[in-house]
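In order, the protein sequence lines correspond to chains R and W.
Numbered as in the working numbering, the first sequence ends at 277 without a single skipped number.
Numbered as in the working numbering, the second sequence ends at 745 without a single skipped number.
The C-beta atom is built at its ideal place from N, Cα and C for all residues, glycine as well.
Have a look at the structure below before the remarks.
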Amino acid sequence: MYEVVSNVIIAPSIHRMEVRAPRIAAARQAGQFVIVRCSEGGERIPLTIADADPEAGTITLMIQAIGAGTAKLAAIQPPDGIRDVAGPLGMPTEIENVGKVVCVGGGVGTAVLFPLAKALADAGNHVTTIIGGRSEQFVILRDELAEFCDEVIVTTEDGSLGTKGFVTIPLGEIIADPEKRPEAIYAIGPVPMMAAVAEQTRPSGIHTIVSLNPIMVDGTGMCGGCRVTVDGQVKFACVDGPEFDGHLVDFRELATRQQAYCDDQHCRMTDAMENQE
Amino acid sequence: MSDQPLTPKERMAIGRTTMPEQDPAKRATNFEEVNFGLSYEAAVQEAKRCLVCKSRSCVEGCPVAVRIPEFLEALASGDVAGAAEILRVDNALPATTGRVCPQEVQCEKVCVRGKKGDPVAIGWLERFVADWAAENMANPVAPDKQTGRTVAVVGSGPAGLTAAGELARMGHSVTVFEALHDSGGVLRYGIPEFRLPKKIVDAEVACLESLGVKLEFNVIVGRTITVTQITEEFDACFIANGAGLPMFLNVPGEQLKGVYSSNEYLTRVNLMGAYKPESTTPIARGDNVVVFGGGNTAMDSVRTAKRLGAKRAIIAYRRSREEMPARIEEVHHAEEEGIEFMLLMSPLEINGGEDGWVKSIRLQKMELGEPDASGRRRPVPIEGSEFELEAQVAVVAIGTRANPILSSACPDLKLNKWGNIEIDDNQMTSIPGVFAGGDIVRGGATVILAMGDGKHAANAIDRYLQSK
Ligand SMILES: Cc1cc2nc3c(=O)[nH]c(=O)nc-3n(C[C@H](O)[C@H](O)[C@H](O)COP(=O)(O)OP(=O)(O)OC[C@H]3O[C@@H](n4cnc5c(N)ncnc54)[C@H](O)[C@@H]3O)c2cc1C
Ligand SMILES: Cc1cc2nc3c(=O)[nH]c(=O)nc-3n(C[C@H](O)[C@H](O)[C@H](O)COP(=O)(O)OP(=O)(O)OC[C@H]3O[C@@H](n4cnc5c(N)ncnc54)[C@H](O)[C@@H]3O)c2cc1C
Ligand code: SF4
Ligand code: SF4
Ligand code: FES
Numbered sequence: 001m002y003e004v005v006s007n008v009i010i011a012p013s014i015h016r017m018e019v020r021a022p023r024i025a026a027a028r029q030a031g032q033f034v035i036v037r038c039s040e041g042g043e044r045i046p047l048t049i050a051d052a053d054p055e056a057g058t059i060t061l062m063i064q065a066i067g068a069g070t071a072k073l074a075a076i077q078p079p080d081g082i083r084d085v086a087g088p089l090g091m092p093t094e095i096e097n098v099g100k101v102v103c104v105g106g107g108v109g110t111a112v113l114f115p116l117a118k119a120l121a122d123a124g125n126h127v128t129t130i131i132g133g134r135s136e137q138f139v140i141l142r143d144e145l146a147e148f149c150d151e152v153i154v155t156t157e158d159g160s161l162g163t164k165g166f167v168t169i170p171l172g173e174i175i176a177d178p179e180k181r182p183e184a185i186y187a188i189g190p191v192p193m194m195a196a197v198a199e200q201t202r203p204s205g206i207h208t209i210v211s212l213n214p215i216m217v218d219g220t221g222m223c224g225g226c227r228v229t230v231d232g233q234v235k236f237a238c239v240d241g242p243e244f245d246g247h248l249v250d251f252r253e254l255a256t257r258q259q260a261y262c263d264d265q266h267c268r269m270t271d272a273m274e275n276q277e
Numbered sequence: 278m279s280d281q282p283l284t285p286k287e288r289m290a291i292g293r294t295t296m297p298e299q300d301p302a303k304r305a306t307n308f309e310e311v312n313f314g315l316s317y318e319a320a321v322q323e324a325k326r327c328l329v330c331k332s333r334s335c336v337e338g339c340p341v342a343v344r345i346p347e348f349l350e351a352l353a354s355g356d357v358a359g360a361a362e363i364l365r366v367d368n369a370l371p372a373t374t375g376r377v378c379p380q381e382v383q384c385e386k387v388c389v390r391g392k393k394g395d396p397v398a399i400g401w402l403e404r405f406v407a408d409w410a411a412e413n414m415a416n417p418v419a420p421d422k423q424t425g426r427t428v429a430v431v432g433s434g435p436a437g438l439t440a441a442g443e444l445a446r447m448g449h450s451v452t453v454f455e456a457l458h459d460s461g462g463v464l465r466y467g468i469p470e471f472r473l474p475k476k477i478v479d480a481e482v483a484c485l486e487s488l489g490v491k492l493e494f495n496v497i498v499g500r501t502i503t504v505t506q507i508t509e510e511f512d513a514c515f516i517a518n519g520a521g522l523p524m525f526l527n528v529p530g531e532q533l534k535g536v537y538s539s540n541e542y543l544t545r546v547n548l549m550g551a552y553k554p555e556s557t558t559p560i561a562r563g564d565n566v567v568v569f570g571g572g573n574t575a576m577d578s579v580r581t582a583k584r585l586g587a588k589r590a591i592i593a594y595r596r597s598r599e600e601m602p603a604r605i606e607e608v609h610h611a612e613e614e615g616i617e618f619m620l621l622m623s624p625l626e627i628n629g630g631e632d633g634w635v636k637s638i639r640l641q642k643m644e645l646g647e648p649d650a651s652g653r654r655r656p657v658p659i660e661g662s663e664f665e666l667e668a669q670v671a672v673v674a675i676g677t678r679a680n681p682i683l684s685s686a687c688p689d690l691k692l693n694k695w696g697n698i699e700i701d702d703n704q705m706t707s708i709p710g711v712f713a714g715g716d717i718v719r720g721g722a723t724v725i726l727a728m729g730d731g732k733h734a735a736n737a738i739d740r741y742l743q744s745k
């Protein structure tokens, strides 16, 4: 049993949860994830490790409750625990000081982006972060990001906070400005958002890294369920990724594979994704 | 309770017993075990067929050299507990091997009685004795004298479990690190309930726990901890992480929805329980399910598909029936259950509909040509024989390779060109004190070979620890 140390709501249906998992806290690097299972018979749910405290032996998860599994997980309150937490999984992000970088987060993707932005800032990069949400209440981690980012730009679809529209608007302005043009862009969020960003940066050739979230089972390369096509090659997102060169990813295939079980279960994930975008 | 010993002639006069099993039409709709197991009377009678040969050829046929004549003699005299004691020493998981060993190419193949007529049903008797022991005998306990030495075992498949049990019996303190949330490796996530009920794996693991073995789940060695960390914390290590990396066909359309590796298909069903109505894990079902391959994994997948409601559950195998590596009993059972066999058939392409789901498979007929490197006749395509087969689900069961998660975080570990770990005669790897066995060394092999490795490694580890 992995003890839930705290669980707070930071936006509608988004929880920040601290879980005691000392081995993972000690081993994890930015870009990696865990697979959790609430209880006996439960689903295996992949979640990015948003932060970790090796001394306290805890990791932080940001959970968007969008389906049966994530709803059950988000309902666990201290001092109860999670049956299984396995990780850290996936390849860590290669963090280098490249100069200027832009991080783009959509919806709960902002949570996935958070540790990455932090690591990039720690490495000495000039970090601009663009975060988008449907409306003000869905914009998460703005203050936390502002603590270490050089600039945080917010977009909302209804204009209730920051720029009205999608994250691609401010991003377009940045890449059009030779002064601001970044060396690398990290885009993490719903598939349509990542695909849009990759298309936007393709003409300029700016290195664009995306973090893919296909359906997973084991997370260790054993099942192949998470396979994605990158540069015409089949990759297992759980071991080869989850980060890939956005210009080489077959997003259309990813989007359709993500919906494999929509007929079986309610398609809440996709709805939530589209709402976020 | 023991009768007079029979004369060889009397023994020869007894015909091989039959295994009571679920009716094929009924069992093709449920996940309960196919074989019911022998009755006490049938088991004792079958054991009496054994001639207790001096040549002991059956023992040579068994990769772990189970003392077959001795355990059969005990059973024949009605001493099931005695038979169980013998088995337990030689074979750590007899309830499992009795069910899944390919007996027809091992112990039973060389049984003297098989020369004229049917061999002794050694597998069924092994199963009978092990099941009896599980119900009637107490679990073994840890020895009083502990060595104070610590050993880490990576992976809880048959190799890891066997090594853990042996080492615990020797008084070492054993911790098993398992990547998944449950034990057993392929025994849990691969081999289906209808062939190996999971309560048997549970019982074997409970036995280990009563011996003092600690199991730690959700630890992916190479990610959660490294082999180097293990060597710092423990006196020795046994790596038995299996060969769990699925191979795909590399034909167009393999990324369509409804195409699974056998690992994913079976894991969803067995480990995650997708066949149970209350399960939250989904699995794609369809009227036509095509499984590529001819091994145990393919047989397990296709019979699973049938049980999940497929009207046509089809094996497409590129060689002929003689070359199918699956256990004979499973092929028979599959046939009885109405599985279709398309032999000498190779997939060219998987076609999908607008919705991104599998719709049909383009297959090509093959014929057997010259023998290849493996000595088997190589299948060669027949021009113009291509045709389209309607299907909603396709399962690729063409084998697995070594998973690099552990080794990529351990550059000192010497691998061969296929990524399998290299070992010496003592099963020690290139890292002193680190041993390896099972599928990670052999490539996809069998349960009993993995267990044999576990046992040999445990002995080698014990010698290593004593010499330190
Ligand atoms: C590497 C990785 C990191 C992730 N990090 C986070 C994170 O930090 N925070 C977070 O809230 N979510 C994260 N996710 C997504 C999260 O795993 C899914 O939201 C969750 O598995 C859905 O489970 P559920 O039982 O709640 O929904 P379900 O009811 O099972 O799913 C609803 C629908 O969502 C789709 N779906 C199921 N699983 C996934 C999946 N893994 N990815 C995309 N769609 C899926 C299916 O179409 C399904 O029908 C991550 C996913 C991956 C692969
Ligand atoms: C579907 C199927 C049916 C089969 N049927 C038969 C049969 O009828 N008869 C027969 O004799 N053989 C059969 N086999 C083959 C047999 O199951 C294997 O040869 C045997 O299980 C190998 O044992 P192992 O202990 O080496 O590995 P595995 O059983 O593969 O166990 C390895 C374990 O290590 C864990 N692991 C992997 N990586 C790590 C890591 N980095 N850290 C921690 N843990 C890790 C895995 O999760 C797993 O639990 C079958 C195989 C399959 C797939
Ligand atoms: S372990 Fe397998 S090969 Fe050996 S005696 Fe038992 S069934 Fe036969
Ligand atoms: S070869 Fe057959 S008959 Fe002879 S001892 Fe072995 S099992 Fe008995
Ligand atoms: S989730 Fe199974 S291989 Fe990636």
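Chain R partners of residue i, CB-CB under 7 angstroms?
i	result
K534 of chain W	T256, R257, A260
A674 of chain W	The contacting residues do not exist; A674 of chain W stays about 12 angstroms from chain R at best.
L538 of chain W	It should be pointed out that residue 538 of chain W corresponds to Ser in this sequence rather than to Leu. Simply C223, G224.
Quick one: does the C-beta of residue i sit closer than 7 angstroms to a heavy atom of ligand 3?
i	result
V341 of chain W	yes
T374 of chain W	yes
Checking contacts by CB at 8 angstroms: is residue i closer than that to chain W?
i	result
G225 of chain R	yes
E253 of chain R	yes
L89 of chain R	yes
V191 of chain R	no
I57 of chain R	The residue asked about is misnamed: residue 57 of chain R is Gly in this sequence, not Ile. No, G57 of chain R lies away from the interface with chain W (no Cβ there is under 8 angstroms from its Cβ).
R20 of chain R	no
Answer yes or no: does any C-beta atom of chain R fall closer than 8 angstroms to that of residue i?
i	result
H610 of chain W	no
V496 of chain W	yes
P474 of chain W	no
S279 of chain W	Unreliable positioning characterises S279 of chain W in this predicted model, as indicated by a pLDDT of 48, which lies under 50. The coordinate reading is nonetheless provided below. It does not: the Cβ of S279 of chain W has no partner Cβ on chain R nearer than 8 angstroms.
E631 of chain W	no
R545 of chain W	yes
G550 of chain W	yes
Can you name the residues of chain W whose CB is closer than 8 angstroms to the CB of residue i?
i	result
A27 of chain R	R500, T501, I502
Since residue i meets chain R, which of its residues come closer than 9 angstroms, beta carbon to beta carbon?
i	result
I525 of chain W	Strictly speaking, residue 525 of chain W in this sequence is Phe, with Ile absent from that position. Under the 9 angstroms cutoff, chain R gives G224, R227, V234.
N680 of chain W	T220, G221, M222, V239
E541 of chain W	V217, D218, M222, C223, G224, G225
Please name the residue or residues paired with residue i in a DSSP beta bridge.
i	result
V234 of chain R	R:T229
S539 of chain W	Beta-bridge pairing links S539 of chain W to no other residue.
G133 of chain R	R:T156
K164 of chain R	R:T156
D245 of chain R	R:I209
H733 of chain W	According to DSSP, which records beta bridges pairwise, H733 of chain W is partnered with nothing at all.
Residue i: beta carbon under 7 angstroms from a heavy atom of ligand 5?
i	result
V249 of chain R	no
Below 7 angstroms on C-beta distance, what does residue i contact in chain W?
i	result
G42 of chain R	T557
D80 of chain R	Result: empty, since nearest Cβ-Cβ is about 18 angstroms, beyond 7 angstroms.
D84 of chain R	H458, F494, N495
I24 of chain R	T501
Please indicate yes or no: does the CB of residue i lie closer than 7 angstroms to some heavy atom of ligand 4?
i	result
C330 of chain W	yes
P346 of chain W	yes
C378 of chain W	no
If you measure from the CB of residue i, is any heavy atom of ligand 2 nearer than 7 angstroms?
i	result
T706 of chain W	no
D716 of chain W	yes
C687 of chain W	no
With a threshold of 8 angstroms between beta-carbons, can residue i be considered close to chain B, or not?
i	result
L522 of chain W	Considering every chain present, this structure includes no chain B. Its protein chains are R and W.
Which chain W residues are close to residue i, counting only those with a beta carbon under 9 angstroms from its beta carbon?
i	result
A68 of chain R	T557
Practice item. Could you please go through the chain and list the residues whose beta-carbon is closer than 7 angstroms to any non-hydrogen atom of ligand 6? Key: As for ligand 6, it is missing from this structure, which binds only ligand 1, ligand 2, ligand 3, ligand 4 and ligand 5.
**Study point:** Sequence ranges, beta strand (DSSP E) only - wholly within the segment 19 to 100 of chain R, length at least 3
**Key:** 33 to 37, 45 to 53, 58 to 64, 84 to 89
Exercise for review: Can you check the segment 645 to 702 of chain W for any alpha helix (DSSP H) of at least 4 residues that lies completely inside it and give the ranges in chain order?
Suggested key: 682 to 685
Exercise for review: Jot down the residue ranges of each uninterrupted beta strand (DSSP E) in the segment 577 to 647 of chain W, minimum 3 residues, whole runs only, in chain order.
Suggested key: 589 to 594, 617 to 620, 622 to 629
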